[in-house]
């Protein structure tokens, strides 16, 4: 009986070693994070397409803060989702890829800035990375009686910062209010005094690659170039990301990554905001090449 037990233990050890080898040397796992008012099913098409091309790839679509729960403050979402992502990372020591849609891209920025992650590629799929400022259907849904020019009165308050949209609303005509009240985007971009900015930068620079995807027919992200870290000046003229202060000062590592050739930018016309994650052409041309 003792010999049998030892044999069983030996076999089990071999199987466990093989399993660990697979997790450390197999395809990098993919984690999908949905957008505002969305849910984990937004990643279903991408999951299906990945399985067709790389059938052994682990795929996780985060099922936290879905639908109206996605309106809670951004840091609260980041902390909860980060715990789940950290668990996935610990099981995939060879690294993971993040695919983050819309508001999810900012959730991912929060995660990437505040943890010593092993994320290889961060794919931001039409995300307001530099902020949001525009009259869109989403905005009218939440604030039907306000113009975009008036929203600073609501969002740049302590109460307004209890809504996720307020955390990354960037009114180019009221930047002092933005710097004073924005408790998420302003610290991440070092637009306000941020004691942790060196840690944010160190963590962000752990990335091997950033893929920025957006397009002029998005209809929600405003300006749509925010998906590429560009944003309005005080005249609402778009200033490219290479001319943004946080790039020139390399506040959180964007300039370093760009100089190392680690930033890939895609401008894809003809795609409305809600269709980015279900467009096969977008997947084939801008996402699939980096899932390696």
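Residue numbers (mature numbering (1 follows the signal peptide of the UniProt record, and there is no 0)): -17 to -1, 1 to 275.
We put the CB at the ideal spot given by N, CA and C, even for glycine.
Only a predicted model underlies this, so the values are computations on that prediction, with no experimental measurement involved.
> Where in the stretch 112 to 137 do unbroken runs of the alpha helix (DSSP H), each at least 4 residues long, occur, reported from the N-terminal end onward?
Replying inline: 120 to 125
> How about residue 78 and residue 108: are their beta carbons less than 8 Å apart?
Replying inline: no
> Rounded C-beta distance between residue 12 and residue 41? I'm assuming under 8 Å.
Replying inline: 4 Å
> Does the stretch 248 to 256 come within contact of the stretch 193 to 209, defined as at least 3 CB pairs closer than 8 Å?
Replying inline: yes
> With burial defined as no fewer than 16 other Cβ atoms inside 10 Å of the residue's Cβ, what is the status of residue 130: buried or exposed?
Replying inline: exposed
> Contact check, residue 84 vs residue 45 under 8 Å by CB: the rounded distance?
Replying inline: 11 Å between Cβ atoms; not a contact.
> Hey, quick one: how far does the alpha helix (DSSP H) through residue 43 stretch, first residue to last?
Replying inline: Unbroken run through residue 43 is the beta strand (DSSP E), 42 to 44; no alpha helix (DSSP H).
> Which one of 106, 244, 172, 192 has the shortest CA to CA distance from residue 183?
Replying inline: 172
>> By the three-class DSSP mapping on this structure, what secondary structure does residue 249 have?
In response: strand
>> With a threshold of 8 Å on Cβ separation, who are the neighbours of residue 61 within its own chain once the five nearest residues in sequence on each side are excluded?
In response: 90, 93, 94, 97
>> Am I right that residue 100 and residue 186 are in contact with their C-beta atoms under 8 Å? What's the rounded C-beta distance?
In response: 7 Å
> Should residue 124 go down as buried or exposed, given a rule of 16 or more other Cβ atoms within 10 Å for buried?
Replying inline: exposed
> Are the CB atoms of residue 106 and residue 82 nearer to each other than 8 Å?
Replying inline: yes
> Can you tell which of 143, 134, 219, 32 has the C-alpha that lies nearest to the C-alpha of residue 55?
Replying inline: 143
> Among 169, 9, 156, which one has its Cα closest to the Cα of residue 220?
Replying inline: 156
>> On the criterion of 16 or more Cβ atoms from any shown chain inside 10 Å, does residue 31 qualify as buried, or is it exposed?
In response: exposed
> To the nearest angstrom, how far is it from the Cα of residue 75 to the Cα of residue 191?
Replying inline: 16 Å
>> If you measure between the beta carbons of residue 153 and residue 116, is that distance less than 8 Å?
In response: yes
> How big is the Cα-Cα spacing for residue 226 and residue 233?
Replying inline: 11 Å
> For residue 57 versus residue 147, is the C-beta distance shorter than 8 Å?
Replying inline: yes
> Residue ranges of each beta strand (DSSP E) run of no fewer than 3 residues wholly in the stretch 191 to 230, ordered along the chain?
Replying inline: 192 to 197
> The beta strand (DSSP E) with residue 177 in it runs from where to where?
Replying inline: Per DSSP, residue 177 belongs to no beta strand (DSSP E) and is neither H nor E.
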